[in-house]
Amino acid sequence: MVRDGGALLELDGVGVAYPGGVRALEPVTASVSAGEFVGVVGPSGCGKSTLLRAAAGLVAPTSGRVVRHTDDLAYVFQEPTLMPWRTVRRNVELVAELRGVRKVERRERAAAMLGRVGLADFADHLPAALSGGMRMRAALAQALVMRPRFFLFDEPFSALDELTRERLADELLALHRADGFGAVFVTHSVAEAVYLSTRVLVLSARPGRVVADLDVPFGRDREPGLRYTPEFAALVARATGALRAQAGELS
Amino acid sequence: MTRLARAVPVLVVFVVVLVCWHVVSTVVLSPARRFLLPAPHEVLLVGFLDPDNLSDLLAALGRSALVAVLGLVIAAALGVGLAVLMSQARWVEQAVYPYAVVLQTVPILALVPLFGFWFGFGFPSRVLVCVLIALFPVVANTLLGLKSASAGLHDLLTLHRAGRVRRLLVLQFPAALPALFTGLRISAGLSVIGAVVGDFFFKQGEPGIGVLIDLYRQRLQSEQLFAAVLLSSAFGVVVFWLFGALARRAVGSWHESGAARDRVR
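Chains A and B, in that order, are what the protein sequence lines are. Counting from 1 along the first sequence, just add 2 to a position and that's the residue number in the working numbering. Counting from 1 along the second sequence, just add 173 to a position and that's the residue number in the working numbering.
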C-alpha cells in the first residue's frame, strides 16, 4: 500500500559550504511527501550525497533549514553498513538494537526482513561470505527492520554490476509498493532514477543546484520491460538533456 | 597444504641446526674450549634431565613468568585505557600520544638503574620494566583499531543517536579486537624479554631465569646456561603462540585472512 500524504522532508534554501569556503551545495529548496520516491541525479561531486547527509542531519547546513517531519528515518549508504564480526542476522538486528527493541522482537523482525530480501538461508553467515549484491540486500534489510516511513538512499547500487543493480531495483520497487515509505534516492544513473522514482531532481555540477524537477508518470507496478519503452527513453532523454544543458552552460 | 607438510621444512632446518651445532661442538672446538658451545645432548642431559637443575630452572622460569604476565596485564589495562581515552577526545590524543612515542624510543634498560633507586631492586622494579617495555604496542595498536571502524558505520550510529559508551561497545571495541591482539602479541614477547633482562639488574628476592643465566655465565656452567637460554626462548615462543591462538579465538573468522575463504559468488 502506498501512503500518499503530508510532507516528510522540507529543504528550504539548504546550502552547504565546507571549512575553507568550498561550496558543496548551492541553496536547494525541495520537499518530499509520504509515499513519494524522489530520485536525485547529477554529475560526480555535485553535492548529491551532501544534500542527503544534510537531510539526515549528518551535516549541518551553512544556509537555509532542514525540516524533517519524522524521526522514523533510515539511511542506506553507498557501502553496506555491515559489521564484519556480526552475522547477517545480527547486522539486520542492529538498527532495532540501537532503538532499544527487545531481543525477542528484534529476532522476529530480522527474520521477517531477511525473508523479504531473500537472505533467510544466509542469516548465520558473516558478511564476508556474501557477494556484493547479497551484502546490499542485507543492508536493505537492516534499514527496513523498523519499517521506517522515510528512506534516504546514497547511491546504494553504485558498486554493483548491471544485472545485480537491475534486480535490486526491482526488489526495491516491490518493497516500496508494499510499505509505501517516502524516499530520496541519490544515484548517478539517470535511467535508474527514472525507473525507481515518482519524481526526479537533476542537480548541476558543483556546487549543486536543482536544474530540473521532473515528474515520472508511470505507475508503481513497473516491469523491467519499462526500460525499453519510448516513454521511458524520452524521460531519460529529458533528464539527461537537463544535465547536459547545465554542463554546456559551464563550458 | 596439510599441517604435516608445513611442519617438514621447519623440522628439516631444526635437524640441520642440531647437526651443525653438534659438529662445531665435538669436531671444531677443542675439549678445552668446548664450554663455549656444549654439544646438544650434553645440554639435554645436564641442563634438562638432571632433576636438580631442571627444578631450579623451572622455579626460576615460573618467577620470571609471573613478572612478565603481571607486567603484561598492567600494560594491557593501562594501554587499552589510554587508547580509549585518546579515541574519545582529539586533544587527549594530541597531548598523550607523543609521550607514548617517547616511551617507545627511550631505551628502557638505560632507565633501569633509576628504577632501582626509586623502587628498590626487587619484584616491583622488575614488573615496572615489563610494563614500560610492553605499553606502547598495546596503546598504538588499540588506538589504531578503535579508529578503524568505517565512516558509514559511525554515521549509522550517529543517525540512531548512539552515545559514546554505546558506540564504544557496539562498534569501536569489536572493530579494535584484531589490532588489539596484534598489540598484545608484540607486548607479550617484549614483556618476556623485559622480565629476563630485568633480572640482570634487579637481583634482590627470589631469582628469576635471568638471574640464573647470569649466575651460570659467571660459573662457566655452559650446559646449564644453554638450557636456561633455551627454556626462556621457548617461554617467549609459547607466549607468542598463545596470543596468536587467543586472537584467532576472539576474532574468529571475520578478520581479513580467515574471512574471504568461502565467499558466495
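For every residue, glycine included, the Cβ atom is placed at its ideal position computed from N, Cα and C.
* Simplified DSSP assignment, three categories, for Glu254 of chain A -> Any property of residue 254 of chain A remains undetermined from this structure, which presents chain A solely from 3 to 253.
* Asked: In the stretch 187-215 of chain A, which residues sit with their C-beta less than 9 Å from some C-beta in chain B, listed in chain order?
  -> none
* With distances taken from CA atoms, which of B:Leu282, B:Thr175, B:Gln397, B:Pro347 is nearest Met85 of chain A? -> B:Pro347
* To do: Jot down the residue ranges of each uninterrupted alpha helix (DSSP H) in the stretch 218-275 of chain B, minimum 4 residues, whole runs only, in chain order.
  => 224-261
* Contact belief for Ala244 of chain A with Ala214 of chain A at Cβ below 8 Å, rounded distance in angstroms -> 4 Å
* **Minimum Cβ-Cβ distance from Ala335 of chain B to chain A less than 8 Å** => yes
* Asked: Are the C-beta of Pro347 of chain B and some C-beta of chain A separated by less than 8 Å?
  -> yes
* Asked: Whose C-alpha, out of A:Arg229, A:Glu233, A:Asp181, A:Val202, is nearest the C-alpha of Ala36 of chain A?
  -> A:Asp181
* Taking Phe39 of chain A as the reference, which of A:Val204, A:Pro226, A:His178, A:Ala236 has the closest Cα? -> A:His178
* Going by CA-CA distance only, name the one from B:Leu234, B:Asp328, B:Asp229 that's closest to Val97 of chain A. => B:Asp328
* Residue of B:Ile281, B:Arg339, B:Ile386, B:Arg179 minimising C-alpha distance to Gly220 of chain B -> B:Ile386
* To do: Answer with buried or exposed for Cys48 of chain A, where buried requires no fewer than 16 other C-beta atoms within 10 angstroms of its C-beta.
  => buried
* Per DSSP, cross-strand counterpart(s) of Phe152 of chain A -> A:Leu75, A:Gly184
* Can you tell me which of the three DSSP states Ala180 of chain B falls into? => helix
* To do: Determine which residues share a DSSP beta bridge with Ala19 of chain A and list them.
  => A:Arg25
* **Where Ser406 of chain B sits in the DSSP three-state scheme** => helix
* From the beta carbon of Pro86 of chain A, is the nearest beta carbon of chain B less than 8 Å away? -> yes
* Asked: Roughly how far, in whole angstroms, is the beta-carbon of Ala143 of chain A from the beta-carbon of Val119 of chain A, given that I think they are within contact range, below 8 Å?
  -> 5 Å
* To do: Taking only beta carbons into account, state which residues of the stretch 61-79 of chain A come closer than 8 Å to chain B, listed in chain order.
  => Leu75, Tyr77, Phe79
* By a C-beta neighbour count over all protein chains shown, 10 Å radius and 16 as the cutoff for buried, is Cys303 of chain B buried or exposed? -> buried
* Considering Arg229 of chain A, what are the terminal residues of the alpha helix (DSSP H) in which it resides? -> Where Arg229 of chain A is concerned, there is no enclosing alpha helix (DSSP H), given that its DSSP letter is neither H nor E.
* To do: Tell me, please, whether the stretch 144-161 of chain A touches the stretch 69-77 of chain A by the rule of three or more beta-carbon pairs shorter than 8 Å.
  => yes
* Asked: Hey, would you say Val90 of chain A sits closer than 8 Å to Pro129 of chain A, going by beta carbons?
  -> yes
* Mind pulling the chain A residues with CB within less than 8 Å of Thr331 of chain B? -> Leu60
* Classify Glu12 of chain A as helix, strand or coil using the three-state DSSP reduction. => strand
* To do: Locate the alpha helix (DSSP H) running through Arg299 of chain B, then write down its first and last residues.
  => 296-319
* Asked: How would you list, in chain order, the residues of chain A whose beta-carbon sits under 7 Å from the beta-carbon of Leu326 of chain B?
  -> Thr83, Met85
* Asked: Does the Cβ of Leu205 of chain A have 16 or more other Cβ atoms within 10 Å, making it buried, or fewer, making it exposed?
  -> buried
* **Short-range partners of chain A found in the stretch 406-418 of chain B, where Cβ spacing is below 7 Å** => none
* Asked: So who's on the other strand from Arg422 of chain B, going by DSSP bridges?
  -> Note: Arg422 of chain B sits in no beta bridge, so no partner.
* Check the Cβ-Cβ distances between Ser323 of chain B and every residue of chain A, and say whether any is below 8 Å. => yes
* **Delimiting residues of the alpha helix (DSSP H) encompassing Asp328 of chain B** => 324-332
* Asked: Where does Arg1 of chain A sit, in a helix, a strand or coil, going by DSSP?
  -> One cannot answer for residue 1 of chain A here, as it falls past the ends of chain A, which runs 3 to 253.
* Mapping DSSP to helix, strand and coil, what is Arg392 of chain B? -> coil
* Asked: Who are Gly41 of chain A's beta bridge partners in DSSP?
  -> A:Phe187, A:Val202
* To do: Kindly list, in the order they appear in chain A, the residues whose Cβ is closer than 7 Å to that of Trp427 of chain B.
  => Pro86, Trp87, Leu128, Ala130
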